[in-house]
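Counting with the working numbering, you get residues 9 to 633 for the letters of the sequence shown.
Even for Gly, the Cβ is constructed at its ideal location relative to N, Cα and C.
Quick caveat, the model's predicted, so the values are computed rather than measured.
Scroll down for the structure; my scribbles are underneath it.
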Amino acid sequence: MSIRNSHWLTGILALCLWSCGNAQGVPPPAIALNQVGFYPGASKIAIVTGATSTDLFYVVSAAPSAALPSSLHRDTVFSGHLGAPISSANSSLSTRLADLSDVKSEGVYYIAIPGRENSYTFRIGRHVLAPVPVAALKGYYYQRSAMALAPEYAGIWSRPAGHPDTAVLIHSSAATTERPEGTIISAAGGWYDAGDYNKYIVNSGISMGILLSAYEDFPGYFDTLRTNIPPIASPHTRTLTPESAVPGRSTSTASAGRSASSSVPDILNEALYNLRWMLTMQDPNDGGVYNKCTNANFDGMVMPGVTKAPRYVVQKGTAATLDFAAVMAQAGRILKKFRRPLPGLADTCLRAAAGAWQWALRNPSLAFDQAAMNRVSQPVINTGGYGDGNFTDEWFWAAAELMISSPGDQYETVVRKYIDTRMRLPTWADVQMMGNYSLLRCRRSLPGSWEPAIRSLQQRLLQTADGYMEGIKASAFHTPMGGNRRDFVWGSNGVAASQGMLLVNAWRQNGDKKYLAAALDNLDYVLGRNATGYCFITGMGTHSPMHIHHRPSVADGIVPPVPGLLAGGSNPGRQDHQQYPFIEPETAYIDNDRAYASNEIAINWNAPLVYLAAAITALENEIER
Ligand code: 9MR
């Protein structure tokens, strides 16, 4: 007999225990696990939350062999003992670990514990995680702003083009002699930032940097990865002249279309859609870069293209300009390999980077302070700020990318000035780590005099990764994620993915597979082994967000949300002021489309997910217990 239907008495007992536990405000007992699946030879861990009346767990085949008569089904394939209870450092939850790593046969299973609801089903199989990076990368296609999403690529989420942004106004904060307030420019294309319809250079900067880094670190994997996106068809070359910013007078030339894209990996094809928009955000007269292309106020929860509110480019700033310089420098060196399908584009990027750098030298610390801007400029702008007053990290990142791509003393001096061995996960506000990753990746192309400095970065990177590793055993969900309560910020799932990316980079330094196992632990977290029980990527797993704060997903009338998007995740800050069922650091999540502080999606969170999931998939054969 399957144990699926038994032990109702212990069930009632567990329910009573939960009722007591719930007084502390914790989610009901659950068996949390990666809902997508496990590799046969890799570690497989589920986490049992809440009090249990038994020490045993069972792994049960969800699809017993059809060849056997049903009376002979022996569907329990493994039984094991739960680990000792662990009190979570990030909530009042108590957890026990179920290690089912010894189950290695391919198949579909669930975990059963007497008196408990069974776990969601999961698969054990080779390549089982391959759909994750594909979905996460495809998520960017759905964020494309100025083009229709055709059914052959977008399926049921096809939609008309959104904001064309071919006639965008220079905001008063951005007025110059050459481009006075109200001048019309084109800032077409690019990805919507998140659940809103605005486009921000600072957040594009880190997102692009991470995607380009994914390509640089795993080119073999990405060269053959296809995500069913349209071929490259839009203009791709542009020179830094005033004319090129004027609609109808562009110096662009059309690309070779389908033949061009067939040799350009999809990850670059996708990134180019945003890169070309970024190029339009540079003032060709002085090289400075506008902070954002935006409405004055957030659009309602409507489909893109419905509202016709004026769009503005808003104030140039040092952070935006240096982030732009870094991305263009990195893109420039990557695209050199694609000179045939994309003639001129690498040079355009490198020129744009150099122009931005020069502007930053003349404006070394011009902060984007939206509140201050609104005191002196009209109209008042209320969309996202991405304001940042510390520029040492942006200087470092831009200088590092420029130094690697187009060596020069001026960049070296700035890298030496701001190099810092303290390892901080990259965020939109702190991009120091992006420079570290690139210096480590490209160290062999640098003069030998850089070796001592880069060796220190390497040591500190490994120490940081070791710090993550140390916390795993004692952690309630057996993850690096949650090693610090401050991991649970706005976009905490991006933090989990970014920690995974750091661990993959540690593996890149010395090949120690323990780092990959820990990176996989964080992917498991995102895919369901967490205190909320959600697989946080839309359209993946059994229990994933259905009501993300994402205008198209809310307004399109289609039940499933746009797929491949990573929800922000637990955030006790709850800045959206919604009623959350649980409010502790790791439980403060709600699948509600008004809960933008925990259930929005954003390009800067999907990027480390692409990196991490792609790395895990590309390195599948390296990952063992
Ligand atoms: O991700 C951003 C987070 O770090 C900030 O605390 C928050 C408030 O300023 O803004 C987040 O970014 C949002 C941006 O401002 C507008 N688009 C949606 C972004 C994700 O919520």
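| Query | Result |
| --- | --- |
| Report all residues from its chain with a CB closer than 7 angstroms to the CB of T595; omit the five preceding and five following residues, and keep chain order. | V34, P35, S99, A539, T540 and S578 |
| CB of E608 to nearest heavy atom of the ligand 9MR: below 7 angstroms? | yes |
| How would you label I413, buried or exposed, when you count the other beta carbons within 10 angstroms and need 16 or more for buried? | As written in the sequence, residue 413 is Ser, which differs from the Ile given in the question. Result: buried. |
| Determine the closest residue to K522 out of R187, E478 and A120, with distance taken between C-alpha atoms. | E478 |
| Between D417 and the ligand 9MR, is the CB less than 7 angstroms from at least one heavy atom? | no |
| Quick one: what's G88 bridged to in DSSP? | F65 |
| Tell me whether Q471 sits in a helix, a strand or coil according to DSSP, three-state version. | helix |
| Of the residues I342, M336 and H135, which one's Cα is nearest the Cα of T362? | For clarity, residue 362 is Ala in the given sequence; the question names Thr instead. Closest by alpha carbon: M336. |
| Can you tell me which of the three DSSP states D544 falls into? | Residue identity check: residue 544 is Phe in the sequence provided, not Asp. Note: F544 maps to coil in three-state DSSP. |
| With DSSP as the reference, label F376 as helix, strand or coil. | coil |
| Once DSSP output is grouped into helix, strand and coil, what is the label at T191? | coil |
| At a cut-off of 7 angstroms, would you count A138 as near the ligand 9MR, judging by its Cβ distance to the nearest heavy atom? | no |
| Apart from the five residues on each side of it in sequence, which residues of its chain come closer than 6 angstroms, Cβ to Cβ, to V210? | A327, A328, D331, Y394 and W436 |
| Taking 7 angstroms as the cut-off, does the CB of G499 come closer than this to any heavy atom belonging to the ligand 9MR? | yes |
| With H, G and I counted as helix, E and B as strand and the rest as coil, what does DSSP make of A626? | helix |
| Which residue wins for smallest C-alpha separation from Y200, given the options L233, L220 and S153? | S153 |
| Check whether the Cβ of G393 lies closer than 7 angstroms to any heavy atom of the ligand 9MR, and answer yes or no. | yes |
| What separation, rounded to the nearest whole angstrom, lies between the Cα atoms of N282 and A364? | 17 angstroms |
| Taking the alpha-carbon positions, what's the V388 to A482 distance? | 49 angstroms |
| So, S96 versus L41, is the Cβ gap smaller than 8 angstroms? | no |
| Would you report the Cα separation of L177 and F376, rounded to the nearest angstrom? | 18 angstroms |
| Let me confirm a value: I55 is counted as buried when at least 16 other C-beta atoms fall within 10 Å, else exposed. Which label applies? | buried |
| If you measure between the beta carbons of D231 and R449, is that distance less than 8 angstroms? | no |
| Using the Cα positions of Q338 and F399, report the straight-line distance between them to the nearest angstrom. | 19 angstroms |
| Alpha carbon to alpha carbon, how far is N277 from H558? | 24 angstroms |
| Any heavy atom of the ligand 9MR inside 7 angstroms of the beta-carbon of D637? | Look at the range of the chain in this structure, 9 to 633, and you will see that residue 637 is not part of it. |
| Compute the minimum distance between the beta carbon of Y298 and the heavy atoms of the ligand 9MR, and state whether it is under 7 angstroms. | no |
| Looking at D110 and the ligand 9MR, is the gap between the Cβ and the nearest heavy atom below 7 angstroms? | no |
| Taking a contact to mean a Cβ-Cβ separation below 8 angstroms, would you say W367 touches G295 in this structure? | yes |
| Excluding the five sequence neighbours on either side, which residues of its own chain have a C-beta within less than 6 angstroms of the C-beta of N382, listed in chain order? | V388 |
| For the region 491-504 against the region 561-581, do three or more pairs of beta-carbon atoms, one drawn from each stretch, fall closer than 8 angstroms, so that the two count as touching? | yes |
| Out of L287, G490 and A603, which one is the CA nearest neighbour of Y506? | The residue you asked about is not Tyr; residue 506 is Ser in the sequence shown. When only C-alpha atoms are compared, the closest one is G490. |
| Under the rule that 16 or more other beta-carbon atoms within 10 Å means buried, what is D63, buried or exposed? | exposed |
| Are there three or more Cβ pairs, one per stretch, closer than 8 angstroms when the region 578-593 is compared with the region 184-194? | no |
| Less than 8 angstroms between the C-beta atoms of L145 and V618, yes or no? | yes |
| Which ranges would you report for the beta strand (DSSP E) in the region 271-335 if only whole runs of at least 3 residues count? | 298-302 and 320-324 |
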